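Here's the structure we're looking at; comments come further down.
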Amino acid sequence: MRLNSITSKSFFGVLPFRNRGASASYSRFSTALRTYGLSRCSVFQQALLVGVRPTKGLYSRIKHLPKFTGAVGFMAGPNQVELISAFLNSPESQRVHHLQIGITPAYHASENALYGFDMSTVLSLFKGQRLPRLKSLSLGDCYPFGAGSTAAYLRGCALGDITPIFEAAPRLEILDLNGPFCLSRPVRHFKLREINVQIDPVAATEATLSQQSLDHLLASDLPLIESLSLHCCGSTEMLLDLPRGFDPQRGMPKLTALSLENLSRDSARRQAALQARMLAG
1 MRLNSITSKS
11 FFGVLPFRNR
21 GASASYSRFS
31 TALRTYGLSR
41 CSVFQQALLV
51 GVRPTKGLYS
61 RIKHLPKFTG
71 AVGFMAGPNQ
81 VELISAFLNS
91 PESQRVHHLQ
101 IGITPAYHAS
111 ENALYGFDMS
121 TVLSLFKGQR
131 LPRLKSLSLG
141 DCYPFGAGST
151 AAYLRGCALG
161 DITPIFEAAP
171 RLEILDLNGP
181 FCLSRPVRHF
191 KLREINVQID
201 PVAATEATLS
211 QQSLDHLLAS
221 DLPLIESLSL
231 HCCGSTEMLL
241 DLPRGFDPQR
251 GMPKLTALSL
261 ENLSRDSARR
271 QAALQARMLA
281 G
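Number 281 marks the last residue of the sequence shown (the UniProt record's numbering); no jumps.
If you want it as structure tokens, here you go:
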């Protein structure tokens with residue numbers, strides 16, 4: 001599993017970022033970005049990073065408003081609700097292919113949030129929206145930005161209800177979820193190929209994911225999904241059960257990689273048997 005889609009080719013190095021000359025038009029997002037301050041933004045490997053200041057030799061300074069960028073990262077997500085709303089309601093969102101919304105270690109330290117962050121308001125912005133070209137989406141902790149070890153990983157970035165994403169992004173292929181989330185019902189998506197979940201519980205008694213959300217995820221209709229993983233970066237006493245009726249052949253016929261941690265002993269055995277069967281074809 002990738003640490004985060006922001007470190008992969010799915011986010012960077014794919015689409016052009018044009019950082020020359022003034023923008024020909026002023027969308028709601030470009031106006032909001034100017035108000036936010038271009039000095040608080042940067043470019044890294046052709047992606048626009050909102051909330052990461054330029055640094056010599058790493059993150060480049062933005063001289064003008066971008067004419068077009070296929071990759072955008074909002075790196076102080078909980079405090080960028082208005083910016084993200086402006087983006088989702090502007091033409092830029094219709095062109096974006098790769099999107100990251102979360103928090104960096106620097107933002108975490110500046111806010112001194114011992115118990116993490118709540119991104120449910122940000123996730124609610126996706127309801128009723130349309131991102132027709134979005135192919136990869138990463139939500140939650142952006143720990144590659146300055147985290148030097150596992151101990152430095154951020155904790156407790158609660159994402160909220162991710163259900164609206166599946167309708168908002170019909171061409172989504174890769175979904176990275178770095179933090180606890182809720183899925184309020186089973187969903188249907190015809191392009192999704194990969195779901196990566198990484199959760200770091202703050203305490204041993206904290207649930208990594210509700211049983212209901214796991215049930216809804218595994219009951220979803222995802223005909224092209226190939227890889228589904230849930231990784232827990234800490235120990236917890238609240239174990240999950242693999243639904244008794246779960247059969248990948250029904251809603252996930254192309255699934256070949258299933259890796260769910262934090263399962264009860266019986267569920268872990270059944271998962272191993274399912275994985276062996278999928279590998280055997």
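Using N, Cα and C, we set each Cβ at its ideal position, and we do this for glycine too. Please read these numbers as outputs of a predicted model, since none were measured by experiment.
#### Entry: Alpha-carbon to alpha-carbon, Leu123 and Gly148
At Gly148 the pLDDT is 40, less than 50, meaning the model places this residue with poor confidence; the figure from the coordinates comes in the next sentence. Their backbone Cα atoms lie some 28 Å apart in a straight line.
### Query
Quick one: Cα of Ala219 to Cα of Gln80, how far?
Whole-angstrom Cα-Cα distance: 33 Å.
### Task
Please classify Lys63: is it buried, with 16 or more other beta-carbons within 10 angstroms of its beta-carbon, or exposed?
exposed
### DSSP bridge partner residues for Asn178 (one or two, in chain order)
Gly140, Gln198
### Query
alpha helix (DSSP H) containing Gln211: first to last residue?
211 to 218
### Task
Apply the 10 Å Cβ neighbour rule to Leu58 and answer buried if 16 or more other Cβ atoms are within range, or exposed otherwise.
exposed
### Message
Nearest by alpha-carbon distance to Leu172: which of Leu192, Gln94, Leu230, Ala76 is it?
### Response
Leu192
### Message
I need the DSSP call for Gly73, collapsed to helix, strand or coil.
### Response
strand
### Query
Per DSSP, what kind of secondary structure is Gly160 in: helix, strand or coil?
strand
#### Entry: Delimiting residues of the beta strand (DSSP E) encompassing Phe44
41 to 44
### Task
Below 7 Å CB to CB, which residues in the same chain sit around Pro91 once its five sequence neighbours on both sides are set aside?
Ser27
### Message
Taking only three categories from DSSP, how would you classify Gln249?
### Response
helix
### Message
Rounded to whole angstroms, what is the Cα-Cα separation between His189 and Leu274?
### Response
Rounded to the nearest angstrom, the two C-alpha atoms are 22 Å apart.
### Message
Please return the same chain residues whose Cβ sits closer than 7 Å to the Cβ of Gln271, not counting the five positions on each side in sequence.
### Response
Leu242, Leu258, Leu260, Leu263
### Query
Taking the C-alpha atoms as reference points, what is the distance between Ile195 and Ile174?
6 Å
### Message
Taking the alpha-carbon of Ser60 as reference, which of Gly77, Gly102, Ser42, Gly73 has the nearest alpha-carbon?
### Response
Ser42
### Query
Looking only at its own chain, which residues have a Cβ that is under 6 Å from the Cβ of Phe29, when we skip the five neighbours before and after it?
Excluding sequence neighbours, Phe29 sits near Ala86, Phe87, Ser90, Glu92.
### Query
What are the start and end residues of each continuous beta strand (DSSP E) run of 3 or more residues lying completely inside the segment 73 to 105, in chain order?
98 to 103
### Query
Excluding the five sequence neighbours on either side, which residues of its own chain have a C-beta within less than 7 Å of the C-beta of Glu167, listed in chain order?
none
### Where residue 288 falls: helix, strand or coil (DSSP)
Residue 288 falls outside the range modelled here, since the chain spans only 1 to 281, and no answer is possible.
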